[in-house]
Amino acid sequence: MIIKSIGWGLIKTFKQGTLIFLFWSVNLIISLIFLFPYLSAFNHFFSERIVSRLLEQANVYTYYTEFFHFFARPLQIARGNLLLGRLLILIISVILSAGVISTFLRDDQLNSKKFGADSWHFLGRMLRLGIFQLFIVIFFLMVSIVLYLPVIYFLPSLFVENIYFYFLIGWAGLAYLFVLFAFLVFDLSRIQLVKQDSPSILKTIWMAVLSLWRNPVQIYLLYFLLSLIWAAVILVYWTLQSYLSNNSFTGILLELVILQFFVGIQYWIRLSRFSALINISGIGENQEMAGNIG
Amino acid sequence: MRSIILIILLQLPVLSQIIFQKPLSERVANYHIKATLDCQAKMIKASEKLIWRNSSQQLIRELQFHLYMNAFRNDSSTFLSQSRKLYPDTPSRPRQELGGVYIQRFVLNSTYDLLHSIEYIQPNDSNQHDSTVVKVKLPQPVQPGEEVSLEIDFRCKLPKIIARTGYSDDFFLLGQWFPKIGVYQEGKWYCHQFFPNSEFFADFGNYEVEFTLPIQYITGATGILLREESGDSLKTLFYRAEDVHDFAVVAWPKFKQEIRDIKGTRVILLYAPEHSVHSKRYMTAITAAIKYFNNWISPFPYPQITVVDPPIHALRAGGMEYPCFITGGAIWGFPAEFRLFPEEVTIHEFAHQYFYGILASNEAEEPWLDEGFTCYATLKIMNHAYGKSASLSELFNIQISQIDEYKRSYLKRPDLDSVWKASWDFRRRAYGVNTYAKPALILHTLENFLGQAQMDTIMRRYYEKWKFRHPRTADFLALVDSISVRDMGWYFDQALLSTKVLDYEVDSLSCEEAVTLDSSQGEAINEYHSRVVIKRLGDFIFPVEIACIFDNGDTLRQNWDGVDSVYVLDYCTTSRIREAQVDPGQKVWLDLNWSNNSMMMKKNYFATIRHWLQVMKIYQQSLLGVFLF
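Residue numbers (my numbering), protein chains in the order written: chain R, 1357 to 1650; chain Y, 280 to 908.
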């Protein structure tokens, strides 16, 4: 059932290639816009200097240190821009999530008018849900840290280093699953929100918890397996790029193309989680979507 | 059979009571200490017999002693109170984690009980809460050349590990644990209080230490273990060290031990069991250091060195030097490509065996002489052992050499303070850079200026002249002047005594084409008028070489004394200028910004494109976030 849902989700999402393209484009455009001041500073500092030839071959620490030191002010602004870019893409993702979910619920080809209308219709509630999610995730992270404090206290007498290291990895894994739970509930809430068009986000969260309660193991496993697939994709990408030489112009171009391909794949997996969740939770079955959408 | 012979050979030095047939030092302060470690109470009960000789030409009417451990006796001591000023996040220590030395008996020449003559003094800061120095008035002065004996019974409460001494759980590192006499020179006592940034200064001598502790403990110490006597629950270890100026002991029941002979020096590595993966790294580093010094300056004169790898909970014991005894530091799983721990720290602490241990300068008054020279030696050994371009790290394809790290430190605070200062006189955050990184760069720049052969001669003569003595900065500078063909005062004045910064820049590069008529041939010739403008941005004046490369491959080199703030070079050549560079050999490590030392006629965008790809990779992924986040 889980594998079937994942497969179903991936196929459905693959058919919505425009959606993947949309998210990939947003990512690329924001990257280009917000990286420009940083790269401009880099270019200004190095391009007319001989050391730039050295930097073609290797990342030489001294020159980067000098760059960061003597360009501290513009770099500070550039770093601020980078953070702004991340925040912007987070907001865009939240805004567009209603359009994505409604497309999957309709099981229809992407209709840009409907997509836009749905995203607009749920804008306020999706944003509220996003902010609420942020607080819950922070709360869960804090709980994870608090649970970890006794370990730090007893470290000198209880643990030898390597056992402690494995313990730390184990704790990080558990914390990840813990936080994953918060994300899972909120993804289900978004689906419920679009499905029911409920005015109350608390009600949709409650409904999401109920659907999770009905089928907790499978939904959780689905989510976990999807994250493993994502990790495998990243691993493949890292391995592939380690074989590529980026010291030639062709090499750089090739690596850039491969990077975009893998960014697209990651969006594919990320978007397919909604589709797979709709399938495994049964939210989309035998139910009509609220009439006032789209 | 071979291993049995090897063991016998390794044990040979310990079979005799005398280590050196001929004394290496003046042996001014000689200690015989009987100490018992109470592991539960974290306390040492000891009696010390000190034979001290007045090596000066003056009558001495009082003696001064360091009680370093009293730095941790109360929160208002100079050490702890200043630590909080320098590092505001330093927490107050709970009462049970404090330490201190308590003298219970003080007898001179087996006759005079001077316990009540002991007086705490604060020669540096008048802080009445500080009890790290005491003076004792003598009933009669000590004549030049005369020896006195002092019998001192004391208790030393060990602090929770701090400043590389104390206990952590069942681990003990005993550094600065006994009353230690100051150094009398030039008619006065050099016996400074213990400051957060200051280290130690003492006279050479012999140490015989009988150390009693629970039988299950594994120990290491400054001296050679002569014999061991075991009882039911306790054992006594008999150590002897000659021609050293301090004595440290480490004890922990869980140590693993590895012994190896390197160039006639027995290396004893004591390591935490979970760090067994790092033992090879420790051995490689210490081998590289011993061999390098063997060729560079002089073979290590002592028969043994103990290298201690503390467990993670006692990591504050790491990175410290005592005579014939160093502590490193490692963390389980620390990647082999990053050689800060244990390689760099091991090599650094070993280098201290020369610049502190043998060339025993006053670490409190002239800290650059030990830390700066040690850093200079560290970078030479790291380069030699692990490659020049990435001696410190090549993790994640980022090349960091040892000197890059010094440069980074220097770049952050290049003009905060001068180098030649007492450790307590530095401005806030200035001690580290001016004692470690900047002096290393100063010496490396000096080496590049004078040439390696001349610098090596200086270092060897410095060692030969001052070994087992107390050299000062002026002694080193005088030696440089006597060997160098040039007076180097101009350099040291700027580098050691001022906060001047050094930075050259190629400000502009231009080239204009002109057609002239060759009068002899009557033909038109293309000529190029090139202009290179170089600026000295800092106030540190240093002569540099300038290289201009032309399209036809010709290179024109010129020297500039750097006195004026701007230097203009005009060339009229038959080829177009391609690039200009100040200090093309990258010899001047004190130059703050190397990147601006050059200019090309054509911009090179490739590095930017490459960097753009690297940043794009990180940024596009960071916009995606970790899965679902």
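Note that the Cβ used here is the ideal one computed from N, Cα and C, for glycine as well.
Item                                                                                                                       : Value
CB contact below 8 Å: R:N1415 versus chain Y                                                                               : yes
Neighbourhood of R:S1567 by C-beta distance below 7 Å, restricted to the same chain and skipping five residues each side   : L1544, S1637 and I1639
Contact under 8 Å by Cβ, Y:V586 with Y:T625                                                                                : yes
Distance, Y:W769 Cα to Y:T778 Cα                                                                                           : 14 Å
Start-end ranges of the alpha helix (DSSP H) lying completely within the segment 548 to 633 of chain Y, minimum 4 residues : 555 to 575 and 624 to 630
Range covered by the alpha helix (DSSP H) that runs through Y:W531                                                         : Y:W531 -> not in any alpha helix (DSSP H); beta strand (DSSP E) instead, spanning V528 to W531.
Y:T315 beta carbon less than 8 Å from that of Y:T491                                                                       : yes
Residues of the segment 865 to 889 of chain Y with Cβ closer than 9 Å to any Cβ of chain R, in chain order                 : L871, N872, W873, S874, N875, N876, S877, M878, M879, M880, K881, K882, N883, Y884, F885, A886, T887, I888 and R889
7 Å Cβ cut-off: residues of chain Y touching R:H1425                                                                       : L690
Cutoff 8 Å: Y:N676 Cβ touching any chain R Cβ                                                                              : yes
Terminal residues of the beta strand (DSSP E) in which Y:N676 lies                                                         : That residue, Y:N676, is in no beta strand (DSSP E); it is neither H nor E in DSSP.
Distance, R:F1496 Cα to R:A1528 Cα                                                                                         : 13 Å
Whole-angstrom distance between Y:Q472 and Y:K414, CA atom to CA atom                                                      : 12 Å
Option nearest Y:D354 by Cα separation, candidates Y:L695, Y:M599, Y:K896 and Y:S410                                       : Y:S410
Beta-carbon proximity list for Y:D766, same chain, < 7 Å, skipping 5 on both sides                                         : D760
R:F1379, DSSP secondary structure in three states                                                                          : helix
Near-chain Y residues of the segment 1396 to 1422 of chain R - C-beta to any C-beta below 7 Å                              : F1398, N1399, F1401, F1402, S1403, E1404, R1405, I1406, V1407, S1408, R1409, L1411, E1412, A1414, N1415, V1416, Y1417, T1418, Y1419, T1421 and E1422
Y:R815 - containing beta strand (DSSP E), residue span                                                                     : E802 to R815
C-beta neighbour in chain Y for R:R1442, strict 8 Å                                                                        : yes
CA-to-CA distance, Y:T544 to Y:Q632, given in whole angstroms                                                              : 13 Å
Y:E642 to Y:S477 span [Cα, whole Å]                                                                                        : 7 Å
Spatial distance of Y:H749 from Y:G666 (CA atoms)                                                                          : 34 Å
Interface partners of Y:Q464 on chain R, CB under 7 Å                                                                      : Neighbours of Y:Q464 on chain R: none; closest Cβ ~41 Å, over 7 Å.
Y:P438 burial status per 10 Å Cβ neighbour count (16 or more: buried)                                                      : buried
N- and C-terminal bounds of the beta strand (DSSP E) containing Y:G466                                                     : Per DSSP, Y:G466 belongs to no beta strand (DSSP E) and is neither H nor E.
Where the beta strand (DSSP E) containing Y:Q837 begins and where it ends                                                  : T834 to W839
Any chain B beta carbon closer than 8 Å to Y:S901                                                                          : Included in the structure are the protein chains R and Y, with no chain B among them.
Rounded Cβ spacing between Y:S877 and R:R1405 (contact assumed at less than 8 Å)                                           : 5 Å
Own chain residues within Cβ distance below 8 Å of R:I1433, not counting five before or after                              : P1393
Where Y:D317 falls: helix, strand or coil (DSSP)                                                                           : strand
Burial state of Y:I804, where buried means 16 or more other Cβ atoms lie within 10 Å                                       : exposed
Environment of Y:D782 [buried if 16+ CB atoms lie within 10 Å]                                                             : buried
With 16 other Cβ atoms within 10 Å as the buried cut-off, status of R:S1449                                                : buried
Cβ pair Y:T736, Y:I762 closer than 8 Å                                                                                     : yes
Assigned secondary structure, Y:N333 (DSSP; H/G/I helix, E/B strand, else coil)                                            : coil
Secondary structure of Y:F479, DSSP reduced to three states                                                                : coil
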